[in-house]
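Visitor: Each residue of the sequence shown is one higher than the one before, starting from 914 at the first, in my numbering. What follows is a structure written as structure tokens; I'll ask about it next.
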Amino acid sequence: AGVELVVASDVDNPLAGLFGAAKTYGPQKGIAEDRLPAVDRVLEEWAAAVGDHVIILVRMLVAMAVILATVGLLGLASAMGTSVVERTREIGVMKAIGATGRRIRRLILGEALVIVGVSWVVAVLVGLALTWLVEDLIGRLGFLAPLPFVVAPAAMLGWLALVTLGGTLATLLPARRAARLTVRAALA
């Protein structure tokens, strides 16, 4: 899981990369043959430095995503807790006509998982659009060519699994509270 750095060295061939660029373009720029290895070495060092900065940027973005997910899960837990409190009478009526605690718990968890699923779809759509724009901008400004747009389905599915697990854990307490309500307490 590394970062692949592609740097443009020619307008006609923007994805040619840095490696070998000195041999190909050095004579055109007036660089002597004996200086080409040194130029290649400098270009490789520059590519490694840029790659290190990109890795730092990616790690910062992942950390921000984790923080946002945590805030979102806290909001989901709060919303589901409020929903249970606001729907106490409804839950009491459901229990009075035969709903079991397990059925109530599954209902609350199901609602939370729908919210998680919809939020994941929105996040993927917005994330892909922003990724495409940022890659294009950074590529054109930093490397004079657009960077390749790469989608990692495994990462998206991993994020879905993570937020589903988080959403389930965030909703367990409100769902358990709803399932334990007695008809008498709920309708009082």
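Here a beta-carbon is modelled for each residue, glycine too, at the ideal position from N, C-alpha and C.
Run through DSSP, which three-state label would residue 1087 get?
Guide: Note: residue 1087 maps to helix in three-state DSSP.
Visitor: Among 957, 1100, 1084 and 1042, which one has its Cα closest to the Cα of residue 865?
Guide: In this structure the chain extends from 914 to 1101, so residue 865 is not present and cannot be described.
Visitor: Roughly how many whole angstroms lie between the Cα atoms of residue 1016 and residue 1075?
Guide: Taking the straight line joining both Cα atoms gives about 25 angstroms.
Visitor: At what residues does the alpha helix (DSSP H) containing residue 1028 begin and finish?
Guide: Residues 1014-1055.
Visitor: Which residues in the same chain as residue 1005 place their Cβ atom closer than 6 angstroms to its Cβ, once the five residues preceding and following it in sequence are excluded?
Guide: Here the set comprises 1096, 1099 and 1100.
Visitor: Which residue's Cα is closest to the Cα of residue 1057: 1064, 1065 and 1048?
Guide: If we check each option's Cα against that of residue 1057, 1048 comes out closest.
Visitor: Over the uninterrupted alpha helix (DSSP H) stretch that includes residue 1004, give me the two end residues.
Guide: Looking at the DSSP string, the run of the alpha helix (DSSP H) that includes residue 1004 is 1001-1009.
Visitor: Restricting to Cα atoms, I'd like to know which of 1023, 1041 and 1087 is closest to residue 1065.
Guide: With distances taken between Cα atoms, residue 1065 lies closest to 1041.
Visitor: From the DSSP output, in three-state form, read off residue 1059 for me.
Guide: It is coil, neither helix nor strand.
Visitor: Compute the Euclidean distance between the alpha carbons of residue 1018 and residue 1088, then round it to the nearest angstrom.
Guide: For residue 1018 and residue 1088, the distance between alpha carbons rounds to 5 angstroms.
Visitor: Does the beta-carbon of residue 1092 have 16 or more other beta-carbons within 10 angstroms, so that it is buried, or is it exposed?
Guide: The residue in question, residue 1092, is buried, as its Cβ has 16 or more Cβ neighbours within 10 Å.
Visitor: Starting from the Cα of residue 964, find the closest Cα among 953, 1055 and 1025 and give me that residue.
Guide: Closest by alpha carbon: 1055.
Visitor: Between the beta-carbon of residue 986 and the beta-carbon of residue 1079, is there less than 8 angstroms?
Guide: In this structure, residue 1079 lies closer than 8 angstroms to residue 986 by Cβ.
Visitor: My assumption, with CB atoms under 8 angstroms, is that residue 1036 sits in contact with residue 989. Please give the rounded CB distance.
Guide: Not quite, the Cβ-Cβ distance comes to about 13 angstroms (not below 8 angstroms), so this is no contact.
Visitor: If you draw a straight line from the C-alpha of residue 1009 to the C-alpha of residue 978, how long is it?
Guide: Spanning the two alpha carbons is a distance of roughly 43 angstroms.
Visitor: In three-state terms, what does DSSP make of residue 1064?
Guide: Of the three classes helix, strand and coil, the one that applies to residue 1064 here is coil, per DSSP.
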